[in-house]
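Quick note, the sequences are listed as chains Z and W, same order. First residue of the first sequence: 8, per my numbering; consecutive thereafter. First residue of the second sequence: 81, per my numbering; consecutive thereafter. Quick reminder that beta carbons are idealized off the backbone N, C-alpha and C, glycines included. Computed from a prediction, not measured in an experiment: that's the story for all the values here. Report on the structure given below.
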Amino acid sequence: MASFSNGLRVQANVIKALMIRELVTRFGRENIGFLWIMAEPLLFAGLVGIVWTYMKGPESHGMDIVAFVATGYIPLTFLRHSFGKSASIFLANSALLYHRQVKVQDFIFVRVTIEVIGSMMAYIFGGLVLGYFGMFPIPSDMGALLAGWGIYIFFVFAVCTVLAPLSELSEVIEKLVPITTYVAIPFSGVFSMTSWLPQNMRDGLMWSPLVSGMELMRYGLFGSVVTPYYDVPKALGVSLCCLVVGLILCRRVRRMLIVP
Amino acid sequence: MIQCRDIYKNYRSGHVNKSVLKGVDFTINPCDRIGLLGRNGAGKSTLIRLIGGVEMPTSGKVTRKMSCSWPLGFNGGFQGSLTGYDNARFIARIYDKPYREIRDYVETFTELGNQLRMPVKTYSSGMRARLAFALSLAIEFDCYLIDEVIMVGDQNFQNKCREEFFEKRHDRALVLASHSTEIVAQYCNRAIVLHEGKATIYEDVGEALAIYGAL
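The structure is reproduced here in structure tokens:
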């Protein structure tokens, strides 16, 4: 037990050090630095929201369209960045593998966590600004909103633990990683609510934890205006399977990794 | 004590499979000064990486019962885009040591002055070696793994290394991969000759050097 808690402390130190290093290398010490991380999702969500407003009117199914796009797009940016940065993540950080206490899983965990922080900031900041102009509702069910985010993040992390070692195994997969984002879009519940779809599609989409997560988030935000469809046990089950496969792959790939 | 038991290491690249180590067995005792000899490509660096846990053996086991540095060599261990100070901070954090002490030691040992505020990728190999040695000495390991680098340093650096490793820390273990027969003869009490994937350990360094010279 003592060695376990000691190991936990070491990993906590490593993760803290990696987070700081990542922030310093990626955003530097000058400029608005860390704040850049939320600029991109906000800009895009804003622009798409404006275009949609002109095309479809300011409301859709009782929800403000800008708020609808923002709540879909910010988690999607998080997913895209996390997947994209998983490719070759072991090799990119390999100089740090000289220190035995640094594990490859730490790299993935840190990248995803930083993306989480950025998109959370974008979500809150965007929500406050839009809310000021009356375009964003006050969350009607905070618990559902957070649970939805939790499911979404857990699944993205699990997929990253699979993508990262696979990208190391084959160059083909490394090149295919950016495509996974686009493949994920129809299964991510970003641009539509499941309740707008026919029954058979709805059942199929329940296998995607992203859809369950997104539906819960939107329900937590918009409340009874939307009819959410989600399946928490299925979402957690799929994510957990994915995570187990990913961790096994990480372990195997680490054993054969050539550190330059 | 560090034990290497029946270590095999294969590298695979595409369809080419190269086996570098074919059953390497030995033990590093506390206070051992082991010289690692072998021709280019014999697997000296590979063996040092395996002892340090940077790479894993294809089969066999490395058991570490004392703390062991990362391999101090021409590369690895640093983030090139970060400054010397940032790297020191990173290493202080992951080895759970107070940064202040590490920084003071690094400043005196490396004598790099303002260069420590520059990204490590702008350093020469001698400067990198100074930084790596300073950090690993500040952390205080029981066993140091050194891959070639003592030779890249200038006279001043070599003197410092001699003082720090062979005088102040004579109670620590050391594995030193080197082509310099002088250094090995002067400082090591045991030697390993790596040849064709096999390691032979000699208690008599003179004998090992003779065999190495004949390869």
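Item: Under 9 angstroms between C-beta atoms of Phe161(Z) and Pro235(Z); Value: no
Item: DSSP-derived helix/strand/coil call for Ala272(Z); Value: As displayed, chain Z neither begins before 8 nor continues past 267, which places residue 272(Z) out of reach and without an answer.
Item: C-beta atoms of Tyr165(W) and Arg173(W) nearer than 9 angstroms; Value: no
Item: Val273(W) - DSSP class collapsed to helix/strand/coil; Value: strand
Item: For Tyr292(W), the three-state DSSP class (helix, strand or coil); Value: helix
Item: Unbroken beta strand (DSSP E) run spanning Ala253(W), endpoints; Value: Ala253 to Ala257
Item: Residues that DSSP places opposite Ala279(W) in a beta bridge; Value: Leu274(W)
Item: Members of the segment 93–105 of chain Z that neighbour chain W once the beta carbon cut-off is set at 9 angstroms; Value: Asn100, Ser101, Ala102, Leu103, Leu104 and Tyr105
Item: Which of helix, strand or coil DSSP assigns to Ser107(Z); Value: The sequence shown places Arg at residue 107(Z), rather than the Ser named in the question. Three-state result, Arg107(Z): coil.
Item: Residues of the segment 91–107 of chain W whose Cβ lies closer than 7 angstroms to any Cβ of chain Z, in chain order; Value: Tyr91
Item: Between the CA atoms of Arg249(W) and Ala218(W) - distance to the nearest angstrom; Value: 12 angstroms
Item: 8 angstroms contact criterion, which Val266(Z) and Val134(W) should meet: CB distance rounded; Value: 5 angstroms
Item: Exposed unless 16 or more other CB atoms sit within 10 angstroms - verdict on Gln235(W); Value: exposed
Item: Contact with chain W by Ile31(Z), beta-carbon distance below 9 angstroms; Value: The sequence given here places Val at residue 31(Z); Ile does not occur at that position. Closer than 9 angstroms: yes.
Item: Sub-9 angstroms separation of Ile230(W) and Ser204(W) beta-carbons; Value: no
Item: Within 8 angstroms of chain Z by C-beta, residues of the segment 150–161 of chain W in sequence order; Value: Trp150, Pro151, Asn155, Gly156, Gly157, Phe158, Gln159, Gly160 and Ser161
Item: C-beta contact flag for Val169(Z) and Leu256(Z) at 9 angstroms; Value: yes
Item: Whole-angstrom distance between Leu153(Z) and Gly141(Z), CA atom to CA atom; Value: 22 angstroms
Item: Between the CA atoms of Phe213(W) and Val73(Z) - distance to the nearest angstrom; Value: 56 angstroms
Item: Within 9 angstroms, strictly: CB atoms of Leu254(W) and Ile131(W); Value: no
Item: Residues that DSSP places opposite Phe198(Z) in a beta bridge; Value: Phe198(Z) is not bridged to any residue.
Item: Short-range partners of chain W found in the segment 193–207 of chain Z, where Cβ spacing is below 7 angstroms; Value: none
Item: Nearest-angstrom Cβ-Cβ length linking Met81(W) and Ile108(W), presumed shorter than 8 angstroms; Value: 7 angstroms
Item: Given 8 angstroms, three or more beta-carbon pairs between the segment 145–159 of chain Z and the segment 48–61 of chain Z; Value: no
Item: Cβ-based neighbour list, Gly69(Z), same chain, cut-off 6 angstroms, excluding 5 preceding and 5 following; Value: Val232
Item: Contact residues within the segment 11–25 of chain Z, judged by C-beta distance below 9 angstroms to chain W; Value: Arg16, Val17, Asn20, Val21, Lys23, Ala24 and Leu25
Item: Residue span of the alpha helix (DSSP H) that contains Cys248(Z), given as start and end; Value: Val239 to Met263
Item: Residues within the segment 210–227 of chain Z neighbouring chain W, beta-carbon criterion of under 8 angstroms; Value: none
Item: The segment 242–258 of chain Z in contact with the segment 181–193 of chain Z per 3-pair CB rule at 8 angstroms; Value: no
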